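K.L.:
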Amino acid sequence: MTLSAPPVPDNDLMRYLRERGSTRNFKTDPIPDAWLEALLAAGQRAPTSSNMQVYSIVVVKDAQTKQKLAEFAGNQKHIIDSPVFLALCADLNGPALACEMHGTSFHGQTFEKGLVAAIDASLVGMTISLAAGTMGLSTVMIGAMRNKPLEVAELLGLPPRVFVVFGLCVGWPKTSPIPKPRLPMPAVVHQERYDASRLPELVEQYNRELAQYYRDQNRETPDDAWTQVISDKYSKPARQHLRQHLNTLGFGLE
Ligand SMILES: Cc1cc2nc3c(=O)[nH]c(=O)nc-3n(C[C@H](O)[C@H](O)[C@H](O)COP(=O)(O)O)c2cc1C
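In structure tokens:
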């Protein structure tokens, strides 16, 4: 006799994940302080490499600061509209202080240490985004903070060894997002050994699904909705200044 597997749990988080999508259309209503505090506390529960906690968050509510950040990000209006903008930073100041306290020399300027800090900041941001989603709030991440890392750092008063990896707009959605389709699972999940033999066929399938998704929303799209955009992105250099600017901010990404 074979035992049947218990049903897959269907809880708030699983339901939210099925329906989630980024929001770029926010009401201007504020987020109660206690809710924001709860979100930040949830973010602090994220796993962190070797308990290093090499991240920090700058909470921005000020309209003028959001206006400037929106400009730096190529005029992304949702940064202005969302009541709270969180700047998720890679931050090596804790380890620098620990070295100072123990009389050791700080060797944080390596690619590995910079990467670890960026991963920590990302996990915290994602955790906040998930917590917000299950509370009826909505978010969009803003990688365009890396368009002008030095200007962003100056505006937010960041000390050396801190840079904004991405931002997170948090607020009340005006409308529920319509979940954007994803690549078919076999394009990204491999069983035991990597196998990309079906990738071309799966990507073609996804092009059709994504084009349909955009057309259902009356948005213009080419038939090859995914590959055209992605090939455009990957055939041109982007943010070539980034390494040099992050070096200026105290990250040695060599
Ligand atoms: C690291 C990161 C940076 C992003 N940067 C931006 C951004 O600058 N502006 C924006 O409108 N969306 C941004 N997004 C949102 C993505 O465009 C979005 O997640 C993706 O198109 C999938 O759509 P969905 O989140 O609605 O499922 C970013 C997402 C990530 C993970």
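Residue numbers for the sequence shown follow my numbering, so the first one is 679 and each next one is one higher. Cβ coordinates follow ideal geometry from the N, Cα and C atoms, glycine included. Computed from a prediction, not measured in an experiment: that's the story for all the values here.
#1: Please confirm whether any heavy atom of ligand 1 lies closer than 7 angstroms to the CB of PRO864.
#2: Taking the alpha carbon of SER700 as the point to measure from, which residue in SER807, VAL794 and GLN742 has its own alpha carbon closest?
#3: Could you tell me the boundaries of the alpha helix (DSSP H) in which LEU714 lies?
#4: Can you pull the DSSP bridge partners for THR817?
#5: Using a Cβ-Cβ cut-off of 8 angstroms (strictly less than) and excluding sequence neighbours within five positions of LYS905, which residues of its own chain qualify?
#6: Determine the extent of the alpha helix (DSSP H) in which LEU766 is found, giving its start and end residues.
#7: According to DSSP, is ILE856 part of a helix, a strand, or is it coil?
#8: Rounding to the nearest angstrom, what Cα-Cα distance links ASP894 and LEU861 in this structure?
#9: Ends of the beta strand (DSSP E) at VAL737?
#10: How many angstroms separate the CA atom of PRO708 from the CA atom of LEU717?
#11: Using the DSSP secondary-structure output, state which residues sit across from PHE704 in a beta bridge.
#12: On the DSSP bridge assignment, give the partners of VAL842 in chain order.
#13: For GLY811, which residues in the same chain have their Cβ closer than 6 angstroms to its Cβ, ignoring the five residues on either side in sequence?
#14: Kindly list the residues whose CB is nearer than 8 angstroms to the CB of TRP713, restricted to its own chain and excluding five residues on each side of it in sequence; keep chain order.
#15: Give me, in chain order, the residues of the same chain whose beta-carbon lies closer than 8 angstroms to that of LEU927; leave out the 5 immediate sequence neighbours on both sides.
#16: Keeping to the same chain, check which residues put their C-beta closer than 7 angstroms to that of ASP902; ignore five residues upstream and five downstream.
#17: Can you list, in chain order, the stretches of the alpha helix (DSSP H) that have 4 or more residues and sit fully within the stretch 876–927?
#18: Inspect the beta-carbon positions of MET823 and ALA765 and report whether they are closer than 8 angstroms.
#19: Ends of the alpha helix (DSSP H) at MET863?
P.N.:
Result, derived from the coordinates:
#1: no
#2: SER807
#3: 711–722
#4: DSSP, once it has assigned bridges, lists VAL848 as partnering THR817.
#5: Residue 905 is actually Thr in this sequence, not Lys. Correct list, in chain order: VAL881 and ASN885.
#6: It is not in any alpha helix (DSSP H) - LEU766 instead sits in the beta strand (DSSP E) that spans 762–769.
#7: coil
#8: 18 angstroms
#9: 733–738
#10: 14 angstroms
#11: Partner(s): PRO851.
#12: CYS767
#13: TYR694 and ARG698
#14: MET813 and LEU815
#15: The beta carbon of LEU927 is closer than 8 angstroms to those of PRO827, LEU828, ALA831, LEU836, PRO838, ARG839, VAL840 and PHE841 in its chain, skipping five residues each way along the sequence.
#16: ASN885
#17: 877–894, 903–912 and 920–926
#18: Yes. Within cutoff.
#19: 863–866
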